[in-house]
Amino acid sequence: MKFEGLRSELPGKERKVGDLIRFVNTRSEDNPNYSLLLGAGASVTSGIESAQGLIDVWKKEVYSDNFPDDKNISNETINEFLQKPENSRWYDSRNEYSSLFEKKYDLPRQRRMFIEEKVSSKVPSLGYAYLVKLVKSRFFKTIFTTNFDDLINEAFYRYSDERPIVCAHDSAISSITVTSKRPKIIKLHGDYLFDDIKSTLRETESLEDNIKNKFIEFAKDYGLIIVGYAGNDRSILDVIHYLLKQEEYFKNGIYWCFRRDSEINEDVKKILWKDRVYYVEIDGFDELMASLNCKLNNGELPIERSILSNRQNKFIESLVSNPKLKSTNSSIIKDDMERLKEASEEEVLSNFLDSMTKSGEKTQNHDEVKFSKKTDKNSSSASSEEKMRLIQLYESYRSKRYSDTLAKIDIILKKGSLSFKAEMDLKKLKVDCLISLKENHQAVTLIHELIEHFPNTISYRLKLANLQEDFSKKLELYDQTIAIDPYWFKSYNAKAAAIINEYKQIHNTTIDLKMLLETLDKSLQVSPGLDNDAWRFKKALITNDLYEDKKDKIEQLQLMSNAVEEQDPYSSIAIDIKVEIMYLSKADYLDIIQYLDTKMSKQKVYSDKHFLMKKLEVYGRFHKKTEVESLLRRIELDYNLDADFLEEMSLIQLELFGNIEKAREYLQQAIDLESTESRLKSLFNILLYQDRLADAKELFESKFHNDSDMHLKILEHENQWDESLALVKELLTEKPQNRSLLQSEVFLSLKVGAFDEAHKLARLALEPNNFTDSIFIINHELACKLQGKNIQKDRLNKVVNNPKAALIEKAGAYYLLGEKPKFYKKLEEAINEDQSIKYQIKKWVIFEDLKETRFKELIKIK
1335 MKFEGLRSEL PGKERKVGDL IRFVNTRSED NPNYSLLLGA GASVTSGIES AQGLIDVWKK
1395 EVYSDNFPDD KNISNETINE FLQKPENSRW YDSRNEYSSL FEKKYDLPRQ RRMFIEEKVS
1455 SKVPSLGYAY LVKLVKSRFF KTIFTTNFDD LINEAFYRYS DERPIVCAHD SAISSITVTS
1515 KRPKIIKLHG DYLFDDIKST LRETESLEDN IKNKFIEFAK DYGLIIVGYA GNDRSILDVI
1575 HYLLKQEEYF KNGIYWCFRR DSEINEDVKK ILWKDRVYYV EIDGFDELMA SLNCKLNNGE
1635 LPIERSILSN RQNKFIESLV SNPKLKSTNS SIIKDDMERL KEASEEEVLS NFLDSMTKSG
1695 EKTQNHDEVK FSKKTDKNSS SASSEEKMRL IQLYESYRSK RYSDTLAKID IILKKGSLSF
1755 KAEMDLKKLK VDCLISLKEN HQAVTLIHEL IEHFPNTISY RLKLANLQED FSKKLELYDQ
1815 TIAIDPYWFK SYNAKAAAII NEYKQIHNTT IDLKMLLETL DKSLQVSPGL DNDAWRFKKA
1875 LITNDLYEDK KDKIEQLQLM SNAVEEQDPY SSIAIDIKVE IMYLSKADYL DIIQYLDTKM
1935 SKQKVYSDKH FLMKKLEVYG RFHKKTEVES LLRRIELDYN LDADFLEEMS LIQLELFGNI
1995 EKAREYLQQA IDLESTESRL KSLFNILLYQ DRLADAKELF ESKFHNDSDM HLKILEHENQ
2055 WDESLALVKE LLTEKPQNRS LLQSEVFLSL KVGAFDEAHK LARLALEPNN FTDSIFIINH
2115 ELACKLQGKN IQKDRLNKVV NNPKAALIEK AGAYYLLGEK PKFYKKLEEA INEDQSIKYQ
2175 IKKWVIFEDL KETRFKELIK IK
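Numbering-wise (the working numbering), the sequence shown opens with residue 1335 and increments by one.
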C-alpha cells in the first residue's frame, strides 16, 4: 500500500510534524520523552544506498543469472519470475531485502564485506548533525537503529564533543542503563565490523534476548519515533506488537514517519491500527531533523563554533555540497547550508552570533530577513569584516565590559557605511549593553526603533515590557506580545512574573490574584510540559497568596499534583508539590524522608540531585542538624558538586549552622563554577555580615554600581543614617509605592530620632490596608512607645495571630507587648529557622536598648 492509501484508510491516525515537535518539546527537566528508531532511509543522503535501491539491483542480477541472454528486462518480468513456486524456497516478497541478500551472498563474512564496502568512508549528512544537536539539548538520548553503518557515532565525533555509548553486541547491552546521561546508540542488528550482523531472513526473525529486553526496558519509560524504517523484518515488529497489548509500554505513543512515496507493508499497517500508534508524513530524515532543530533549538546551526577548525573546512564543504540535499524543498536546510557555507569560508559560524544574543525568548527571524531584503537588496547581509567585528564586540559584552563595548558600538555606528543587517545587529547588542548598565531610558528608545523595523519580533517587545515602569502599560505590552503569538508560553510567564513582582513589591496593591491564576493556566494550556515555569509560579501562588484556608491550599495543590504526576511522577515539580502538601498536612519529617527515599529507589530516568537537595531542605526545615551534616558528608564524597549544590550548602551553613565563613567559601566556589547575579548579591550580603566592608564595596563597584538597594545597604552598614534616609526619599519619588522603600523610610526615620515622622509614615501605610501589615504595625507601635504614647495591644495581637507573619515579626510584637517569655521563645524559633537573622537584627531600633544577657547570648555571632 502506498502512503496515500494509508491516508485514505486511517485518516484519524495522521499527525503533523508540528504535532511531533510539540510532543518532543513536552518533556520534564531536560529528560526526553521519546527514543528514536532509525532505519536505512536515514542514511540515504549520506551516500549509502537505500534498501529499496539494493533490492532493485539484486532482483535484476538474480534474474540475469538465470536468463543471461534476455536483454529486455522489465520489472514485471522480474517479479513474475520471483513469484514462481520453485523460488518460494528462498524468496519472500514480504522481506525482499533479507532473502535477496542471502541469495547473493552465502556466508556471513561475505555479507559483512559487502556492507563494509557500501558504508565505509561515508560522511554523515546534515540530518545527523541536527540529530546530534537535538541529543546535546537533551530532546533525545537513546537511538535504536537497524543500520549497520556507523553514521550516528561518526556524527557525534564530527559535530560534537559528546561521546555516546555504542552497543552492537547482545552480550554488552546489559551494561547500558536507562538512567545513564550519556547518549546511547543501540544497533539492533549489529555492526558491519563484525560477522554476526543480522541481515538475512533467518537472522532477522528475532532479536537477541538481551537486545530485546533492553528495547522493552526503554519502551516502558519512553515513546518511540520511527524514521527511515520500513518494518521489513519480523524481529522488531513482533516486539512492538507484543508491547502495545500492555498499557504500561509506549505511554507517550509511537509516531511512525513516512515519506509520501513510501510503500507501507501489511505488518506495519496492522500496527498502525493499534492504540497509541500514529503516522506522520515527512519529506525525509534530514528535513524532519531540520524542522525539529529549528523549533526546539531556536534555529541554532547544528555545529558549534568550537568544533570548527581548519581541518574541518573541507568537511563542511562536503556537507553543503551534498548532491542529495541540493534538491530539498526544506527552506530550513537551504538557509542553514548557506550559513554553513559562509562559516567554512570565514572559519566562523554565524551561529556563534546567535548564541550570544539568545535569551530563551522567541523571535520571528524570518520577518527580519524579509524586511532586510526588501529594505536593502544590496546590503542585507553583513560582510565578513562586519561579522568578525561583531563577534569581537559580543565577546567583549559577554566578558561584562559593558561600557567599553557600548563606546565601541557608538563609534562604529557613527562612522556609518554598514549593511542593514550589521547595523541592526549592533543596535540589538547596544540595547543589551544599555540594559546591563541600567540606562533604561536610552534602551527603550532604541527598542522602539527596532520594533519599527521588526514589529513581530517578540523578544524586543518583551524587553520593552520588562523596562516599562508603569504597571498598566507593562501589562498592555505583554498582551500585545501574546496577541502576536498566543501560543508562545513564555509571554504568559513574563506577564505572570510582572504581576507577581508588582504584588510583592508595591504597597497597597490592588492586584487581582485570579487574573494571575488565569495567566498561568493559559501558559500551561499552550505548553503543559513540566519545563514550563508556570507550574512553579502556580504552586507558590496557591501556597502563599491565593488561599487563606489550609484545606483549600491542600485541595488545590492535590489537583496540581495529579496533573503533574500524569506527566512524570519523578519530576522535581511533582516532588515539590507533594512535599508541600505533606508540610501543610503536618506530616512527620521521617514520613517525608521516606517518601523521598521511595521515589529515589523507583526512579529510573533522573539523577539523585533534586531528591538529595529536597532531603536537605526537609532536614533543615525540621532543624535536624545531625542528619544534615551526615547527608552533606555523603554528597561531598559521592557526587561532583555543581554550582547549585554548592549554593545550597552555603545557604545551609549560613541559616542552619550559622557558620558564615563556611557559607562564604561554598558560595565563592559556586560563583567560580557559574557566576550569577543572585549569587553575587548573596556574597555581597555575607561580606557585610562579616564586616568585610572593603570587599563588599569592591564587589558593588565592579558589578552593581548602579544598584540603589546595595548602595543603601553600604550606607546603613557605615551608620550613615541621614544619608540613607535621603537616598530612600529620593528613590521614593520614582517608586512611591515600593513596599521595601516605604519600610526603609519608616525604619530610618526611627533611626535618626524622627519618631513623629515615623509614626505618621507607618500610619499612612497601614490605613489603606486596615492595619494588617505586620512590619508597619510593629514600627507604628514602636514609634508610639518612643514618643511616650500608649501602644495599641489589639494591633500587636493581630501580628501574633497572623499565620503569614514571620517568626521574627511575632517576636517583635511580643516584645512590645511586654511578654518576655513569649518574645524569647519566638526569637529563638526565628534564629533556629534562620541563623542569618542574628546579623540582620543587630541594628533594629526595637532591640537597640535590649541589654539582657539572654538576648546577647541568642544573637551572639559564633
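Backbone N, C-alpha and C define an ideal beta-carbon position, used for all residues, glycine too. Note that the coordinates shown come from a computational prediction; the quantities given were computed from them, not determined experimentally.
Problem - Contacts around I2171, its chain only, beta-carbon distance under 7 Å, and the 5 residues preceding and following it disregarded - result: Closer than 7 Å at the Cβ level, and outside the excluded window around I2171, lie I2142, A2164, I2165.
Problem - Range of the contiguous alpha helix (DSSP H) that encloses W1869 - result: 1868–1875
Exercise for the section: Check each candidate in N2053, R1568, F1552 and name the one with the smallest Cα separation from V2086. Expected result: The shortest C-alpha separation from V2086 is found at N2053.
Handout entry: Per DSSP, cross-strand counterpart(s) of R1349
Key = The partner list for R1349 (beta bridge, DSSP) reads V1614.
Practice task
To the nearest angstrom, report how far apart L1809 and I1818 are at their CA atoms.
Solution key: 14 Å
Exercise for the section: Would you mind giving the Cβ-Cβ distance between F2236 and L1630, rounded to the nearest angstrom? I have them listed as a contact below 8 Å. Expected result: An answer regarding residue 2236 cannot be provided, because it is not within the stretch 1335 to 2196 covered by the chain.
Exercise for the section: Determine the direct distance from the alpha carbon of S1751 to that of V2062, and round the result to whole angstroms. Expected result: 47 Å
Handout entry: Under the three-state DSSP convention, the category I2195 falls into
Key = DSSP places I2195 in coil when its eight states are reduced to three.
Problem - Y1368 and L1653 closer than 8 Å at C-beta - result: Going by C-beta atoms, Y1368 is not nearer than 8 Å to L1653.
Exercise for the section: Would you mind sorting R2188 into buried or exposed? The rule is 16 or more other CB atoms within 10 Å of its CB. Expected result: exposed
Problem - Option nearest S2083 by Cα separation, candidates A1756, W2178, M2044, F1415 - result: For the set A1756, W2178, M2044, F1415, the Cα lying nearest the Cα of S2083 is the one of W2178.
Exercise for the section: Might you give, ordered along the chain, the residues of its own chain that have their beta carbon closer than 6 Å to the beta carbon of F2034, omitting 5 neighbours on each side? Expected result: For F2034, same chain residues with a beta-carbon under 6 Å away, outside a window of 5 residues either side, are M2044 in chain order.
Practice task
Locate the alpha helix (DSSP H) running through H1812, then write down its first and last residues.
Solution key: The question names His, yet the displayed sequence has Tyr at residue 1812. Residues 1805–1818.
Exercise for the section: Alpha carbon to alpha carbon, how far is T1739 from L1727? Give it in angstroms, no decimals. Expected result: 6 Å
Handout entry: Meets three-Cβ-pair contact criterion under 8 Å: the region 1337–1357 and the region 1569–1580
Key = no
Handout entry: Where V1900 falls, given that 16 or more other Cβ within 10 Å makes a residue buried
Key = Rather than Val, the amino acid found at residue 1900 in this sequence is Glu. Exposed is the call here.
Exercise for the section: Tell me whether R1645 is buried or exposed, calling it buried when 16 or more other Cβ atoms sit within 10 Å of its Cβ. Expected result: Only weak support is given to the placement of R1645: the predicted model assigns it a pLDDT of 40, under 50, and the question is left unresolved by the model.
Practice task
Return the first residue and the last residue of the beta strand (DSSP E) that L1771 is part of.
Solution key: First-last for L1771: undefined, no H or E at that position.
Handout entry: Selection from F1991, P2070, I1616 that minimises the alpha carbon distance to E1338
Key = Considering only F1991, P2070, I1616, the residue with the shortest C-alpha distance to E1338 is I1616.
Problem - Segment limits, alpha helix (DSSP H) that includes Y1563 - result: Here Y1563 belongs to no alpha helix (DSSP H), and DSSP marks it neither H nor E.
Handout entry: Three-way DSSP call (helix, strand, coil) for Y1425 in this model
Key = coil
Handout entry: CB-CB length for L1784 against Y1736, believed under 8 Å
Key = Contact between L1784 and Y1736 does not hold, since their C-beta atoms are separated by about 19 Å, which reaches or exceeds 8 Å.
Handout entry: Among K1912, D1883, G2122, the one whose alpha carbon lies nearest that of L1893
Key = K1912
Exercise for the section: Could you give the DSSP three-state label for L1371: helix, strand or coil? Expected result: strand
Practice task
Just list the alpha helix (DSSP H) runs in the region 2022–2092, keeping only unbroken ones of 4 residues or longer that don't cross its boundaries, in chain order.
Solution key: Taking 4 residues as the shortest admissible run, the region 2022–2092 contains the following complete alpha helix (DSSP H) segments, listed from N- to C-terminal end: 2027–2037, 2042–2051, 2055–2068, 2073–2085.
Problem - K1470 and E1496 closer than 8 Å at C-beta - result: yes
Problem - Under the three-state DSSP convention, the category E1621 falls into - result: helix
Practice task
For the region 1480–1494 and the region 1662–1669, state whether three or more C-beta atom pairs, one from each stretch, are separated by less than 8 Å.
Solution key: no
Handout entry: Cβ-based neighbour list, R1349, same chain, cut-off 6 Å, excluding 5 preceding and 5 following
Key = Closer than 6 Å at the Cβ level, and outside the excluded window around R1349, lie Y1612, V1614.
Practice task
Kindly indicate which three-state DSSP category Y1589 falls into: helix, strand or coil?
Solution key: strand
Practice task
Give a yes or no on whether the C-beta atoms belonging to Y1464 and A1624 are separated by under 8 Å.
Solution key: yes
Exercise for the section: Could you say which of K1437, G1381, H1787, N1406 lies nearest to V1396 if we only look at CA atoms? Expected result: K1437
Handout entry: Per DSSP, cross-strand counterpart(s) of S1334
Key = Lying before the first or after the last residue shown, residue 1334 is absent from the chain, which here runs from 1335 to 2196.
Exercise for the section: Could you tell me whether any Cβ in chain D is nearer than 8 Å to the Cβ of E1989? Expected result: Among the protein chains of the structure shown there is no chain D, as only one such chain exists.
Exercise for the section: Give a yes or no on whether the C-beta atoms belonging to I1519 and I1486 are separated by under 8 Å. Expected result: yes
Exercise for the section: Could you check what DSSP says for K2177 in three-state terms: helix, strand or coil? Expected result: coil
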